[in-house]
Amino acid sequence: MLQIQGLSVETGGKEILRGINLFIGTGETHVLFGPNGSGKTTLLMAIMGFPRYKITRGRIIFKGHDITNASLDERARLGIGMSFQRPPVVRGVKMRDMVSACLGSRDDGTAVAQLAERLNMGDLMDRDVNYGFSGGEIKRSELLQLLVQEPDLTLLDEPESGVDLVNIALIGEMINELLQKNLKRNRTRAGLIITHTGHILDYVHASKGYVLIDGTVRCERDARECLDSIKKHGYEGCATCLK
Amino acid sequence: MSKVVPSRKNRELAEKALEKKPALGEDIDLSAYSSSAEEHRYQNEPSHLPSQEKENMLKVGITLDDRSQRAGTFVQIDRSVIHTSASQDGVEVMSITKALETYSWLEDYWWRAVSVDTDKFTAQAEVNLDNGYFIRALPGAKVVYPVQACLYIAHQNLAQKVHNVIIAEEDSEIHIITGCATKPMQASGLHIGISEFYIKRGAKLTFTMIHNWAPGVAVRPRSGAIIEENGVFLSNYVCMKPVRSVQMYPVARCVGEKAIVRFNTILVAPPGSNLDTGSRVLLDAKGSRAEIVARTITTGGTIIARGYIAGSAPDVKGHLECRGLILSERGVIHAIPELKGELAGVDLSHEAAVGKIAEEEVEYLMARGLTRDEATAMIVRGFLRVDIEGLPPELAAELRHAVEISEKELF
Ligand SMILES: Nc1ncnc2c1ncn2[C@@H]1O[C@H](COP(=O)(O)OP(=O)(O)O)[C@@H](O)[C@H]1O
Ligand SMILES: [Mg+2]
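Listed in order, the protein sequences are those of chains A and B. Sequence positions in the first sequence follow numbering that gives the first Met the number 0 and run 0 to 242. Sequence positions in the second sequence follow numbering that gives the first Met the number 0 and run 0 to 410.
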C-alpha cells in the first residue's frame, strides 16, 4: 500500500527527516514511536503532501503510484487520510458541512448521522469546525471525518493523547472500524499511527513498530516488543538498538 | 412627545446646510444629477410590473408575484410611489407624503432620530423630497410576515431622495425587508435615503436592507434609531454587488432601560466599489446592550468598516466584531472599531481581524479531498454566514438567499 524510499524532508529551511524507509502492506497497521521533536508529525505531513514539508530526496509510492510530487488534495482523493494533532478552527463552516465535504461525491447522509451519534458528536454538528472543542472532541471530530472519508491509508497523529479512559475505548473501537480490524482477511485498509504513550496498542492491534529519533528510523520490530523495550530502556536504548 | 420642532425650523436648518460637506466619504456634486424623472403609474396590483424589474426586485428580497408571505408592500420607482398595501391588521404601510397628511403627530418624529442639518444630503432630502415610506406596527401588534419596501431607480442619472419613518409602537413586533435596486446597467444615479426608526417600549423591530445597485451609482443613506425601554432593534445590511460608492454610518440610541441593538453587516466589494459603512450605538440607558458584527470581503474594491459603541449608563454591555477577508491583491479593508466608556460599570469589547484566508484552513479542507478552489469557496461561504440571533426563520432564509445569489458570482 505505502512504500517510502530514502525520504528526506525539510521544513522552515531545516532538514528534519533523513533517509526514511518504510513499507506498509495492505491490511497492516504500523505504529511510530519517538521522543518529542523527533519528526513524527513531519513524516505524516510529508506523506499527506503538505506543501510546507518539502521532500528533498527519496520517493513515496502509494498503491503503485509515485505520489512524491502529487498535491495534497490529489493524495487525499487517491485515498490517503490523516487525523491532525492540532487541527485549525474554521469559523463559519459547520461541522455538518465539513463532514459532508468528506463524503465527496458519494451520498450517504444517514450513515453520517449514525456515525456522528456513535461518536457522541450529535451536538457538535451545528458548531463551527473545531471552535471551542475540547481535546477529546477534537479527536472524535477527526475520526468522524476520516470514517466518512474512508481512506485506504489512514495516518493518525497521537489519536489518544488527552483522551480520558472512558473515551479511549470508544476511540479505539472507531479506529478499528476505520482500519477494518473486524475483517480477518481481505482487508483493504492500512494505517500508520503515531503514539507517544503506546496506550492505543491496548485497543488497536498493530503489527510493526518504528522508533524515530532525530529524523531517522532507529528501530523497526514488532510493535509490542518495541513499546516494551522503550518502557524498559527508554528512547536512549532504542538509539543504540539494532539499526 | 416632549419636543415639537416646527417644520419651518427644519426648512431653515436644511437651507443653511445645502452645501455642507459630509463628515465622511467623498463629497458628491448634487448638481451633476437630475432631480426630475417621468411619472410611473400607480399599480393596484404590483405583479403587473415588467418582468425584468420584478426580477431585479426579487434579488433584493422583494416578491411581487406572490405576496402571500408578506404583511405589506411598498414600491417606489424613481420619484413615484407605485404601490402601497398592508394585508394584516395592526400594520400600516403608506407613502411618507400621505402619512404626513394623515397624521399631524408625525411631525414629532420628523428629523428626530436624524438631524436635518447633518450634511448636504439630509438637507437635500428636506428641501427636495421625492417620497419614501411610512411603516408602523400598532401597539401590541405581532406582524407575522415581513413587510417589504422597495426603492428602485430606473431613470438615468436621477438623484432619488427619500425619507422613511418606521415606528414599532409599544409591545409590537414587526419585520421589514427593504430592497434597494436599480437597472443592472444603470450608468449613473444617486440615492439619498433618510430612515428614522422608533422602537417603543417592549417593541421589536427587525430591519433587513439588501442593496443591489450598479457600478455607476452612489448611495448616501442617513439613518437613526431610537430604542425605548425593553425595545429590540435588529438591523441587517447586505451589499454584495458592485456600486460606485456607499457611505453610511447609522446611529442607534438606546434611551430606555434594557434596550437591545444588533447590527449585522455583510459587504462584498468588487473592483471599483467603495464602501464606507459602519454602525454606531449609544448606550445611554441602564442595562442596554449592543452587538455589532461586520463581515467584509474585498475582491478588489475598498471597504472602510467602522463601528462605534459608547456606554454612558450603568450595566451596559457592548461588543463589536469586524472581520475582513482580502481575496485579491488590490483590495483594501480598513477596520475602524471604536469604543468609548464614560462610566466605570460599562463592559465594552471588540475584535477585529483583516487578512487573507488562512492557508492552514484551506489545507485542512484539502486534506479531506477538496480542491483548493472548493476549499476556498467553502471557507468564504462560512465566513459570510452570520448566524443572526433572534432573526425570524423566514427572514433568515431570505437573507441567506440574498447572500447565496451573490456568492455564486464570487467564484
Ligand atoms: N514549520 C516548521 N518550521 C521549523 N521547524 C519545524 C517546523 N515544523 C516542525 N519543525 C521542527 O521539526 C522537528 C520535528 O517536529 P515534529 O515533526 O512536530 O516532531 P514530533 O511530532 O515528533 O514531536 C522539531 O524540531 C520541530 O521544531
Ligand atoms: Mg507531533
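The C-beta atom is built at its ideal place from N, Cα and C for all residues, glycine as well. As the structure is a prediction and not an experimental result, all values here were calculated from the model.
* **Top-ranked residue by Cα proximity to L152 (chain A), from B:T121, B:R40, B:S30, B:A366** => B:A366
* Determine the chain A residues that contact E360 (chain B) at a beta-carbon separation under 7 Å, and present them in chain order. => P87, V89
* Chain-ordered neighbours of F49 (chain A) on chain B, where CB pairs are closer than 7 Å -> E362
* **Within chain A, the residues that A414 (chain B) reaches when beta carbons sit closer than 7 Å** => Summary: the structure shown does not reach residue 414 (chain B), with chain B confined to residues 0 through 410, and so no result is reported for it.
* Asked: Using a beta-carbon distance below 9 Å, is V111 (chain A) in contact with chain B?
  -> no
* Asked: Closer than 8 Å: is that where the CB of S160 (chain A) sits relative to any heavy atom of ligand 1?
  -> no
* Asked: T72 (chain B) to I173 (chain B), Cα distance in whole Å?
  -> 13 Å
* Would you mind listing the alpha helix (DSSP H) stretches within the segment 102 to 131 of chain A that are 4+ residues and don't spill past its ends, in chain order? => The alpha helix (DSSP H) runs lying completely inside the segment 102 to 131 of chain A and spanning 4 residues or more are 108 to 117, given in chain order.
* Which whole-angstrom value describes the C-beta separation of D129 (chain B) and P21 (chain B), a residue pair presumed to lie in contact below a C-beta threshold of 8 Å? -> About 20 Å separates the two Cβ atoms, so there is no contact after all.
* Neighbour flag for R188 (chain A) against chain B, beta carbons, 9 Å -> no
* Using a Cβ-Cβ distance under 9 Å, would T181 (chain B) count as near chain A? -> no
* DSSP state of V4 (chain B) mapped onto helix, strand, coil -> In this predicted model, V4 (chain B) has a pLDDT of only 46, less than 50, meaning its place in the structure is not dependable enough to derive any value.
* Beta-carbon of F83 (chain A) versus every beta-carbon of chain B: anything under 9 Å? -> Closer than 9 Å to some Cβ of chain B, the Cβ of F83 (chain A) qualifies, so yes.
* Asked: Quick one: any contact between the segment 91 to 107 of chain B and the segment 46 to 59 of chain B, if contact means 3 or more CB pairs under 8 Å?
  -> Counting Cβ pairs under 8 Å, fewer than three are found: no touch.
* Any residues in the segment 62 to 76 of chain A with a beta carbon nearer than 7 Å to a beta carbon of chain B? Which ones, in chain order? -> L71, D72, A75, R76
* Asked: Given 8 Å as the limit, is there contact between the segment 60 to 78 of chain A and the segment 345 to 353 of chain B, that is, 3 or more CB pairs closer than that?
  -> no
* To do: Run the CB neighbour count on E113 (chain A), radius 10 Å, all protein chains shown included, and call it buried at 16 or more, exposed below.
  => Per the sequence shown, residue 113 (chain A) should be read as Gln rather than Glu. When all chains shown are included, Q113 (chain A) counts as exposed.
* To do: Please specify which runs of the beta strand (DSSP E), each continuous and at least 3 residues long, are wholly inside the segment 313 to 385 of chain B, giving them in chain order.
  => Counting only runs of 3+ residues, the beta strand (DSSP E) found wholly inside the segment 313 to 385 of chain B occupies 316 to 325, 331 to 340, 346 to 354, in chain order.
* Give a yes or no on whether the C-beta atoms belonging to H29 (chain A) and A205 (chain A) are separated by under 9 Å. => yes
* To do: On a CA-only basis, which of B:K257, B:K240, B:S287 is nearest I265 (chain B)? Give me that one, please.
  => With distances taken between Cα atoms, I265 (chain B) lies closest to B:K240.
* Asked: Is the closest heavy atom of ligand 2 to the C-beta of I193 (chain A) under 8 Å?
  -> Distances from the CB of I193 (chain A) to the heavy atoms of ligand 2 include at least one below 8 Å.
* Span of the beta strand (DSSP E) holding N263 (chain B)? -> Per DSSP, the unbroken beta strand (DSSP E) holding N263 (chain B) starts and ends at 259 to 268.
* Asked: Any heavy atom of ligand 1 closer than 8 Å to the CB of P34 (chain A)?
  -> yes
* Nearest-angstrom beta carbon gap, L143 (chain A) and L31 (chain A) [assumed within contact, 8 Å] -> At roughly 23 Å, the Cβ-Cβ gap does not stay under 8 Å, so L31 (chain A) and L143 (chain A) are not in contact.
* **Length of the line joining the Cα atoms of S327 (chain B) and I356 (chain B)** => 11 Å
* Asked: For S84 (chain B), which three-state DSSP category applies?
  -> strand
* Residue ranges of each alpha helix (DSSP H) within the segment 72 to 150 of chain B, 4 or longer -> 95 to 101, 119 to 126
* Asked: Between R294 (chain B) and F382 (chain B), is the Cβ-Cβ spacing less than 9 Å?
  -> Closer than 9 Å, so yes.
* **Secondary structure, alpha helix (DSSP H): runs of 4+ residues fully inside the segment 0 to 72 of chain B** => Taking 4 residues as the shortest admissible run, the segment 0 to 72 of chain B contains the following complete alpha helix (DSSP H) segments, listed from N- to C-terminal end: 6 to 16, 50 to 57.
* Asked: Can the beta-carbon of D125 (chain A) be found closer than 9 Å to that of K93 (chain A)?
  -> Judged by beta-carbon spacing, K93 (chain A) lies within the 9 Å limit of D125 (chain A), meaning their Cβ atoms are closer than that value.
* Residues in its own chain within less than 7 Å of K15 (chain B) by CB, not counting five upstream and five downstream? -> D116
* Asked: Using a Cβ-Cβ distance under 9 Å, would E406 (chain B) count as near chain A?
  -> no
* Mind listing the chain A neighbours of G381 (chain B)? Cutoff is C-beta to C-beta under 8 Å, in chain order. => Here the neighbours are V89, R90, G91, V92, K93, D96, D127.
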